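First comes the structure, then the notes that go with it.
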Amino acid sequence: AYLLASAVFLLPFGRLADIHGRRKIFTMGLAIFTLASFLLLFVSTATGIVLLRILQGAGASLIFGTAVAILTSVTPPAERGRALGIYTTSVYLGLSAGPFIGGWLVHFFGWRSIFLVNVPIGLFTLALIFLYLDGEWADAVGEPFDLGGSVQYGLTLICVMLGFTLLPDREGLILLAAGSLMMLVFINRERRVRYPILDLCLWTKNRIFAFSNLAAFINYSATFSVTFFLSLYLQYVRGFDPWIAGAILVVQPVAQAAVSPLAGRLSDKIEPGRVASAGMALTAAGLAALVFVGEATPIPLLAAILVLTGLGLGIFSSPNTNAIMGSVEKRLYGTAAGTLSTMRLLGQTLSMGLAMM
57 AYLLASAVFL LPFGRLADIH GRRKIFTMGL AIFTLASFLL LFVSTATGIV LLRILQGAGA
117 SLIFGTAVAI LTSVTPPAER GRALGIYTTS VYLGLSAGPF IGGWLVHFFG WRSIFLVNVP
177 IGLFTLALIF LYLDGEWADA VGEPFDLGGS VQYGLTLICV MLGFTLLPDR EGLILLAAGS
237 LMMLVFINRE RRVRYPILDL CLWTKNRIFA FSNLAAFINY SATFSVTFFL SLYLQYVRGF
297 DPWIAGAILV VQPVAQAAVS PLAGRLSDKI EPGRVASAGM ALTAAGLAAL VFVGEATPIP
357 LLAAILVLTG LGLGIFSSPN TNAIMGSVEK RLYGTAAGTL STMRLLGQTL SMGLAMM
């Protein structure tokens with residue numbers, strides 16, 4: 057529910073941020089996410105939890121659909137890669153620390169504590185926004201919002217993402233077929249709208265934007281389920297306790313976090329696409345090495361492979377984001393950031409869908 061809501065709202069709210077102000081939408085998203093986290097402390101029914109997780113996902117989409125756009129708006133082009141590298145590092149550090157902190161909180165304080173911790177952090181961040189974040193950066197102000205296209209887009213994405221998760225069942229294939237037909241209808245509509253929710257010219261006439269987003273989709277499709285498989289391998293094949301398996305797996309996001317600022321800074325000096333391609337090559341090498349992992353593979357060797365894969369992902373992510381954000385006009389920063397985040401979530405969903413087949 058959380059991931060689906062996040063994916064559905066990312067692009068529409070990215071566009072709304074371009075029109076009405078990125079700071080405003082970011083603040084609204086943080087407030088919604090914090091409120092949903094607070095309400096989850098008092099709900100016990102499955103329906104209530106699902107509905108609040110949807111609300112939480114919607115809030116998260118406002119945050120992630122505008123954070124990169126705000127960074128790009130306030131950073132000079134010559135320093136954009138460095139800023140995005142620092143941002144990517146914070147994301148990977150969160151991915152590294154999240155499972156450990158979440159597991160510790162659940163163990164000692166119960167499952168509701170993982171939502172409680174969001175409340176003070178959210179309130180503190182909101183205070184920082186009101187104190188230090190000036191400006192709105194509404195570069196598409198006055199342009200109409202494509203509500204009809206947003207509804208069609210959301211329904212299409214729901215069919216596609218649910219279809220991925222239900223593969224290879226018959227229901228999954230039906231949903232994917234329905235999503236494909238709805239996508240054709242959506243594209244035909246967007247071609248005739250003056251201010252579409254999804255500017256098709258970005259995909260047909262902007263090679264950097266199109267291929268960089270496609271690369272992000274392929275990257276996350278290929279890598280996201282690796283941690284899931286390795287977690288099972290370490291626990292059920294090698295017999296490690298969950299916390300030891302987690303300690304081994306954490307070397308990958310740590311490697312990503314370590315190299316991301318350097319990769320971002322390098323993409324300010326070298327064409328970002330080349331840096332991202334080098335990262336993709338390292339990732340591919342790491343994935344190829346994982347094919348040969350067996351029951352007797354030394355753990356230090358497995359850790360080295362994870363470091364290699366993490367370095368590849370870290371070298372890829374921030375330069376690829378830099379390439380995408382540098383390829384569009386200011387009035388489309390929110391749209392570009394929302395599109396990239398959607399490609400990430402679609403890739404992750406496809407990766408897990410294929411993993412469960």
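So the mapping is simple: our numbering equals the position in the sequence shown, first residue as 1, plus 56.
Yeah, the Cβ is synthetic: ideal placement off N, Cα and C, and Gly gets one too.
Being a predicted model, the structure only gives us computed values, none of them experimental.
Euclidean distance between Cα positions of residue i and residue j
| i | j | result |
| --- | --- | --- |
| VAL331 | PHE372 | 7 angstroms |
| PRO375 | ALA73 | 23 angstroms |
| LYS261 | MET239 | 19 angstroms |
| SER160 | ARG245 | A quick correction: the sequence has Trp, not Ser, at residue 160. For TRP160 and ARG245, the distance between alpha carbons rounds to 49 angstroms. |
| LEU254 | GLY204 | 12 angstroms |
| PHE296 | VAL64 | 38 angstroms |
| LEU305 | VAL249 | 47 angstroms |
| LEU108 | THR145 | 29 angstroms |
| THR131 | ASP324 | 12 angstroms |
| GLU199 | SER169 | 42 angstroms |
| TYR276 | MET408 | 10 angstroms |
| GLY115 | ILE88 | 5 angstroms |
| LEU223 | ALA57 | 18 angstroms |
| TYR289 | ALA301 | 9 angstroms |
| PHE348 | ALA337 | 18 angstroms |
| ALA340 | SER333 | 10 angstroms |
| PRO155 | TYR148 | 12 angstroms |
| ALA311 | VAL363 | 6 angstroms |
| LEU117 | ALA194 | Here residue 117 is Ser; the residue named in the question, Leu, does not match the sequence. Rounded to the nearest angstrom, the two C-alpha atoms are 18 angstroms apart. |
Residue i, enclosing alpha helix (DSSP H) - first and last residue
| i | result |
| --- | --- |
| THR101 | From DSSP, THR101 is part of no alpha helix (DSSP H); its letter is neither H nor E. |
| ARG78 | 78-95 |
| MET336 | 328-346 |
| GLY191 | Unbroken run through GLY191: none, as it is neither H nor E. |
| LEU238 | Note that residue 238 corresponds to Met in the displayed sequence, not to Leu. Run containing MET238: 226-246, per the alpha helix (DSSP H) assignment. |
| MET412 | Looking at the DSSP string, MET412 is not in any alpha helix (DSSP H), and its letter there is neither H nor E. |
Beta-carbon separation (whole angstroms), residue i vs residue j, contact threshold 8 angstroms
| i | j | result |
| --- | --- | --- |
| GLY390 | THR83 | Not really, about 14 angstroms apart at Cβ, beyond 8 angstroms. |
| MET399 | PHE273 | 4 angstroms |
Residue i burial status per 10 Å Cβ neighbour count (16 or more: buried)
| i | result |
| --- | --- |
| GLY366 | buried |
| LEU231 | buried |
| ALA313 | buried |
| THR395 | buried |
| MET217 | buried |
| ARG171 | It should be noted that the sequence gives Phe, not Arg, for residue 171. With 16 or more other Cβ atoms within 10 Å, it is buried. |
| ILE177 | exposed |
Meets three-Cβ-pair contact criterion under 8 angstroms: the stretch 271-290 and the stretch 93-103: When Cβ pairs closer than 8 angstroms are counted between the two stretches, the stretch 271-290 is seen not to touch the stretch 93-103, the count staying below three.
Touch test, the stretch 394-409 against the stretch 198-208, Cβ-Cβ under 8 angstroms, three pairs minimum: No, they do not touch.
Touching by the beta-carbon criterion (3+ pairs, under 8 angstroms), the stretch 377-395 and the stretch 123-136: Per the Cβ contact rule, the stretch 377-395 is in contact with the stretch 123-136 (3 or more Cβ pairs under 8 angstroms).
Three or more C-beta pairs below 8 angstroms linking the stretch 126-140 and the stretch 314-324: Counting Cβ pairs under 8 angstroms, three or more are found: they touch.
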